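Following: one structure in structure tokens, then a few remarks.
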Amino acid sequence: MITATTATRADPGRRGGRLGWAASHLAFILLGLAFVLVVLGLTLGLAYGATSGDAAERVPLVLGAALAQLPAVWTLAGLAIALFGLLPRLVPTA
């Protein structure tokens, strides 16, 4: 009996194989992380603006600071996906 692991297929019910599976997960990761940073920036900006009394100025400032972290977060996500593709046995260390 051949299992999905020994047949080198990520998901036996999905066409496209391992590359399509990884691409869909990478897209979800990149968009999801961007969404989380936007929500975080807006929430922290509103909280900071509420305490300082100047939300109109503080929200864009904090949102920009949160989104400035996006390239670093995407780089780490890309490295984790690359590690999965190149050395799948080392993925738990990522």
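Residue numbers (our numbering): 2 to 95.
Backbone N, C-alpha and C define an ideal beta-carbon position, used for all residues, glycine too.
All values derive from a computational prediction rather than experimental measurement.
- If you compare the alpha carbons of LEU77, ALA23 and LEU45 with that of GLU58, the shortest gap goes to LEU45.
- Annotation: the continuous alpha helix (DSSP H) that includes GLY65 extends over 56-68.
- When rounded, the separation of the alpha-carbon atoms in ALA73 and GLY54 is 31 Å.
- Annotated three-state conformation of LEU88 is coil, per DSSP.
- Annotation note: the region 19-53 contains no uninterrupted beta strand (DSSP E) run of length 3 or greater.
- Nearest neighbour of ALA69 by Cα position, chosen from ALA24, LEU34 and PHE29, turns out to be LEU34.
- Rounded to the nearest angstrom, the gap between the Cα atoms of ALA28 and PRO89 is 19 Å.
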